[in-house]
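What follows is a short report on a single structure.
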Amino acid sequence: MEYKAMNQYIKRSAICLAIAGVLVACNSDTNSSSEELPIPTVGITPGDVSDVTPLKIEKGKTVLLDYEPSSDVETLLLTVETEEPFEVLSIYRVDEDSVVTMSGDNAEPQKKILVDNLDIPEKGINILQLLVNFSDTENIKLEVAARNGAIKITKMEFGAPENAVTFPLFRDISEQVGLPEEITYKYGGPSVGDVDGDGDYDFVLNNHNYVSPQMIINNGLSANIVETKLYGDQARDYHGTALGDYDNDGDLDVIVAFGGANGTNPSSYELLRNDGNNVYTIISPTDSGIKEPSRGRAPRFIDFNQDGFLDLVMINAKTDLPDYKYPQQHFYKNLGPEHDYRFEWVSMPGIDSASSERVLVFDYDNDNIDDMLFISPPSLWRGTGSGFEDKSDMLPDEVRAYWDIQAATNIDVDNNGRQDIYLARGLPEYQLSKKSADFDANAKTLDIRDDGETGKTAIEFSSEGDIHMSELNLTYRQYNDGYPIYLGADAKVTWMYATGFQISQEHPDMKLAPKEYTFTKAEAAGFPEVRDQNGIYLGYVDGKWQMEWVRTQNVYWNISFSLEEVEDLVYKGWEPQNRNRQDYLLMFDEVEGKFVDRAEQWQIPLGGNHWGVTRGDFNNDGNEDLFIHRFGQLKERIADLLLINDGKRFHITTTHGAHSDTDSGHGDMGQAFDFDGDGKVDLLNGSNEEGKWYLYRNITENVDNHIKVDVGYSPKNNIDPLGAMIELNTNDGKTLYQTIGSAGEVFSQSVMNLVHIGLGQAQEAKSIKVIWRNGETLTLNEPTQGHYKTESSDDFIAPNPSAIELGLVGKTLKVGETYQLNPVLQPLNAINSLTYTSSNSDAVSVDDSGLITALLDTETAVVTVSSIENSSVTDSIEINVSNVANYVTQLDIVQPASTTVYTGDEHALQLITKLTLQNSDASANDSTVTWTSSDPTVATVIEGKVIGLKRGNVTITATANGSEVDGAVKDTLDLSIETFAAISIDLDNYWKYHTRANPIDKNMEVTFSYHAGSGTKVKEGIRIYLRKLVKDSWGLDKDYSGSNGVQYALVPNTAGTESGTVTYSLPLPTYAQDGLVPTEELPEDRFYYLFLEIMTEAGATKNVGTQPVCITPIGVTAECEK
1 MEYKAMNQYI KRSAICLAIA GVLVACNSDT NSSSEELPIP TVGITPGDVS
51 DVTPLKIEKG KTVLLDYEPS SDVETLLLTV ETEEPFEVLS IYRVDEDSVV
101 TMSGDNAEPQ KKILVDNLDI PEKGINILQL LVNFSDTENI KLEVAARNGA
151 IKITKMEFGA PENAVTFPLF RDISEQVGLP EEITYKYGGP SVGDVDGDGD
201 YDFVLNNHNY VSPQMIINNG LSANIVETKL YGDQARDYHG TALGDYDNDG
251 DLDVIVAFGG ANGTNPSSYE LLRNDGNNVY TIISPTDSGI KEPSRGRAPR
301 FIDFNQDGFL DLVMINAKTD LPDYKYPQQH FYKNLGPEHD YRFEWVSMPG
351 IDSASSERVL VFDYDNDNID DMLFISPPSL WRGTGSGFED KSDMLPDEVR
401 AYWDIQAATN IDVDNNGRQD IYLARGLPEY QLSKKSADFD ANAKTLDIRD
451 DGETGKTAIE FSSEGDIHMS ELNLTYRQYN DGYPIYLGAD AKVTWMYATG
501 FQISQEHPDM KLAPKEYTFT KAEAAGFPEV RDQNGIYLGY VDGKWQMEWV
551 RTQNVYWNIS FSLEEVEDLV YKGWEPQNRN RQDYLLMFDE VEGKFVDRAE
601 QWQIPLGGNH WGVTRGDFNN DGNEDLFIHR FGQLKERIAD LLLINDGKRF
651 HITTTHGAHS DTDSGHGDMG QAFDFDGDGK VDLLNGSNEE GKWYLYRNIT
701 ENVDNHIKVD VGYSPKNNID PLGAMIELNT NDGKTLYQTI GSAGEVFSQS
751 VMNLVHIGLG QAQEAKSIKV IWRNGETLTL NEPTQGHYKT ESSDDFIAPN
801 PSAIELGLVG KTLKVGETYQ LNPVLQPLNA INSLTYTSSN SDAVSVDDSG
851 LITALLDTET AVVTVSSIEN SSVTDSIEIN VSNVANYVTQ LDIVQPASTT
901 VYTGDEHALQ LITKLTLQNS DASANDSTVT WTSSDPTVAT VIEGKVIGLK
951 RGNVTITATA NGSEVDGAVK DTLDLSIETF AAISIDLDNY WKYHTRANPI
1001 DKNMEVTFSY HAGSGTKVKE GIRIYLRKLV KDSWGLDKDY SGSNGVQYAL
1051 VPNTAGTESG TVTYSLPLPT YAQDGLVPTE ELPEDRFYYL FLEIMTEAGA
1101 TKNVGTQPVC ITPIGVTAEC EK
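All letters in the sequence shown, in the order written, are residues 1 to 1122 by the UniProt record's numbering.
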């Protein structure tokens, strides 16, 4: 790697911040000079990295550097030290030959941003790596700027990437295609799919509250899109959506989630049938079967019982109403065409009580059955074909404890054929509105975002002159009395307009009030001693501004505003929370047999507040890349992150072009897909709160080596494409997998069946195999670059059979009687070229169609069916010929160990029968049995397998088909169906243990609910731990709750019980005598972890934990930073 030396200069002037080349602020320093003062040259030598002379950037200053790039794209390695709790760094390219005229006719050089607000997540030394696109190799000037305060750069090294990297670029085509321009609140990304079946991708724009979900039909680049608001102009509590063909008619339908009035009024989901021609009909609850109330978040179409029809999974927020009788998560079985594709609620024990509001559907074990990753907190559920089993122990323990994971995507980062998981972490709206502040000392601006819960928050600052206040937002929370500004000593009421309300919710005094104010020191003179009314108090005393916002009750979900001309800011009794969170890249470790974090190895971004992630091979090099959606600053949209995968690591960049300079919102979520069908992956991004939807076209040049496969319906049983697996075999021996679904998920689900596969410059495909959910398979051999369709016989061919099943091992026939064989092939659509042979053709014949004829009495023959394509694939049936009838005279259902059956496929009861025949030495003419249930809504029975659906009593009847008189020989069994409760334990509210003040001189109240599981009890009592752990390793430092060599305390009165809700007091004063200190006094590499564990008499265990725990000094009731 070759590095070049750079001459450094420092220019004494106030910092000038730019966003993507547009200069937005430049305040002159009264001591500024245009003279450039040289400081020592940085010594950068080729090869090894060397320490350089520290480069200090003082608060309010910038540093200019001369640099001549060796290539258009180079890597940048930075070692940065800061005393701030967190910081961001930007680098600009300064074009001194062109200028921008600012207010006051001050001319400043034009700037182009190269590094946009790179997160420096913590105090101390931070090592940062990224990719910079210079566009050319001319000698240039770089300006380095920090946002919050002073930083010191000890290393700054440019060089060529270790592996060749093609830099993707995007261009905004939102206006070109006519994308809607409403400013909307978003809800977890769009849903993408070919809704109208014309071979290109359409999508649903998912908005929240004010604007209905918008169906966008794609008409290509040459014509505007067609927009349909699914609910017209109705303002409702819209949440996520999912696309899927639930009625198997060939087009995609939509299901929409609705909220539940913050838990006070659970609603439900609505199913919209696609009737063609952009008409979507709302199916009534009676006809859809979706009736159970919930706080809807993330609907998903999943064929969880593998019957070929799309079922529904509803991922919800928890409902705490005392009379609410349903689990948190809801599962609906599709009853198929016999019942007009109506859905029926079914119990799914274990997973239906798992806590999460977000989910990723993917196939982590490549078994062609959908699995689910509940995102926050993470739990992993493997699809079994009849339900789901908990595989959360395959996730790292520290990951399972996090509740701040916003989005996830599956991605095979190293092309080893295993699905990896990227988890994007950040603070959602409510947690973000907890003591968040952005102070830009250079621009003298302060942005506040606080919660509206009971309390007071105060700041103090100075200014040279007047101050300016704007952008007041008060997110409505059933409080209607307004929130004025109380000015000066007399607390003069001043009303200001605020966003965050529907029209009917606006306070009359605020509705027509000014949107911004300039306050003078004179009018704000004084500050009242008593500040006990809801509102913002503002005063000027002894040369300082005093401001306090008061909440005497829970008033709003969010209180935010902006101030200008702020200097010397002091936070009184609180510190702004550090919103940086570290993302995770979980990769499957074959040795450990579980997922492990490889974020450091693959150089995932350090810190950030990330709300979304989507994947796609943006440069068609054969490696899937990532696009990370950043929330940004409180009042400033910053560029999202593109992570370019070179097969060994990711290269981070912010200069990709998929960014709007003028957007006023925040990064939310998007999807990567090929919008225009040109073979390059584009981006559809949502900008939340005060932002719009944006469509970015991929304009990267010379990246045309790709294959596109349109996956249609399966050739035999017409199974829709959702969940189908794409298996790509390369000439160099690799096997890669993709599953039809989304390219990342939060609340919404896509059906991206127009599959894009990048091949790189050298890689070639040996074959592509498409495997539908029911196992039907088609293969494309030796494909070259181009466009293929599974519905074209010229492209794809059916496979040879891998198995043949006849369904019976033997049968008795009378002379002259016939029996038709109906072999089932695996895969179902395998080449149906078969031969039939008889071991005794004189006694039993079989023709080419599989029709058996009995010829000689008292003889036996084995009839074998074989595949012509694969002669080793066979199955056989033994045929006995007898003219003597051998009827079934008695049938008995063998008594099971228990007549209680729990709901759910995994608790199914397999019944068996015992037949008594006229002649016990011969086989029955017909040994088959017909099973029936007295109430199929309570329990179903198929071939003796009883599956409980809901609580109730049911009678199962087995009838012998081989009796002399039809229906005369039978037996019954009465069963009791009960709802199964899986082992569980859960805290009442995870966030409160992170943020709620727990003074060290008082007991800490911990509330939790538990269930040992049906049919068992808690063995010795619930174990509760309060632990001090090491941050990086999660190694144990100390346990506080145990004694006498035991690491835990046992919660009284829980042993021998089945379930309950308990509040337990952890004696913090006692622990303090054993070394417990407030959280703020812990070393930086330590944290407190609250952990509970249940063990049952049946030997099962379950645990739950949360961290970091907030323990405050004596008497301190202020919340901890999250």
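Backbone N, C-alpha and C define an ideal beta-carbon position, used for all residues, glycine too.
Contact under 8 Å by Cβ, residue i with residue j
i: I183; j: E87; result: no
i: G465; j: E565; result: yes
i: N368; j: I771; result: yes
i: I877; j: K811; result: yes
i: Y556; j: T475; result: yes
i: G612; j: V751; result: no
i: L65; j: K141; result: yes
i: S347; j: K950; result: yes
i: H610; j: D583; result: yes
i: L128; j: L114; result: no
i: F374; j: V359; result: yes
Burial state of residue i, where buried means 16 or more other Cβ atoms lie within 10 Å
i: I559; result: buried
i: Q1107; result: buried
i: C1120; result: buried
i: G104; result: Its pLDDT being 47, under 50, G104 is placed unreliably by the model, and nothing is read from it.
i: P576; result: buried
i: Y486; result: buried
i: N31; result: Confidence is the limiting factor: at N31 the pLDDT is only 31, short of 50, which leaves the residue's position unreliable, though a coordinate-based value still follows. Per the 10 Å Cβ criterion, exposed.
i: Q502; result: exposed
i: D450; result: buried
i: N410; result: buried
i: S191; result: buried
i: R171; result: exposed
i: Q820; result: exposed
Nearest-angstrom beta carbon gap, residue j and residue i [assumed within contact, 8 Å]
i: P377; j: T319; result: About 18 Å separates the two Cβ atoms, so there is no contact after all.
i: L1026; j: L1036; result: No, L1026 and L1036 are not in contact; Cβ-Cβ is about 12 Å, not under 8 Å.
i: S748; j: G188; result: 6 Å
i: N829; j: A798; result: 5 Å
i: Y483; j: G535; result: 5 Å
Beta strand (DSSP E) segment containing residue i, residue limits
i: H1011; result: M1004 to H1011
i: W495; result: No beta strand (DSSP E) contains W495, which DSSP labels as neither H nor E.
i: L606; result: Run containing L606: none; DSSP gives neither H nor E here.
i: Q738; result: T735 to T739
i: D451; result: T445 to G452
Terminal residues of the alpha helix (DSSP H) in which residue i lies
i: residue 1125; result: Nothing in the structure corresponds to residue 1125, since the chain is present only between 1 and 1122.
i: D926; result: First-last for D926: undefined, no H or E at that position.
i: Y1071; result: L1068 to A1072
i: Q431; result: E429 to L432
Residue i: CB within 7 Å of a non-hydrogen atom of the ligand SAM
i: D532; result: Because no ligand of any kind appears in the structure shown, any question about the ligand SAM cannot be addressed here.
Fill in: At least three beta-carbon pairs within less than 8 Å, the region 288 to 306 to the region 228 to 247
By the criterion of at least three beta-carbon pairs nearer than 8 Å, the region 288 to 306 is in contact with the region 228 to 247.
Worksheet item: Is the region 340 to 355 close to the region 696 to 712, with three or more CB pairs under 8 Å?
Response: Judged by pairs of C-beta atoms under 8 Å, the region 340 to 355 does not touch the region 696 to 712, as fewer than three such pairs exist.
Discussion item. Taking 8 Å as the cut-off, does the region 628 to 642 touch the region 423 to 439 (at least 3 CB pairs, one atom from each stretch)?
Written reply: Verdict: yes, contact present.
Discussion item. Does the region 1008 to 1020 come into contact with the region 1067 to 1081, if we say contact requires no fewer than three beta-carbon pairs (one atom in each stretch) closer than 8 Å?
Written reply: Because the criterion of three Cβ pairs below 8 Å is not met, the region 1008 to 1020 and the region 1067 to 1081 do not touch.
Worksheet item: So does the region 784 to 804 actually touch the region 841 to 854, counting three or more Cβ pairs closer than 8 Å?
Response: With the cut-off at 8 Å, the region 784 to 804 and the region 841 to 854 do not touch.
Worksheet item: On the three-pair Cβ rule with 8 Å, is the region 527 to 534 touching the region 419 to 429?
Response: Short answer: they don't touch.
Worksheet item: Below 8 Å, can you find three or more Cβ-Cβ pairs linking the region 1053 to 1061 to the region 989 to 1000?
Response: By the criterion of at least three beta-carbon pairs nearer than 8 Å, the region 1053 to 1061 is not in contact with the region 989 to 1000.
Practice prompt. Check whether the region 1095 to 1105 touches the region 542 to 551, counting contact only when three or more Cβ pairs, one atom from each stretch, lie closer than 8 Å.
Written response: Using a C-beta cut-off of 8 Å, the region 1095 to 1105 makes no contact with the region 542 to 551, since fewer than three inter-stretch Cβ pairs fall below that distance.
Worksheet item: Can you find at least 3 beta carbon pairs, one from the region 1064 to 1071 and one from the region 953 to 960, that sit closer than 8 Å?
Response: A contact is defined here as three or more CB-CB pairs under 8 Å, and the region 1064 to 1071 fails this definition with respect to the region 953 to 960.
Discussion item. Using a Cβ distance threshold of 8 Å, determine whether the region 490 to 501 contacts the region 224 to 236, with at least three qualifying pairs required.
Written reply: At 8 Å Cβ cutoff, the stretches do not touch.
Discussion item. Closer than 8 Å is the cut-off here; do at least three beta carbon pairs connect the region 718 to 728 with the region 153 to 167?
Written reply: With the rule of 3 Cβ pairs closer than 8 Å, the region 718 to 728 does not count as touching the region 153 to 167.
Worksheet item: Any chance the region 806 to 824 sits against the region 727 to 745, with 3 or more Cβ pairs inside 8 Å?
Response: Fewer than three beta-carbon pairs drawn from the region 806 to 824 and the region 727 to 745 are found closer than 8 Å, and the two stretches are therefore not classed as touching.
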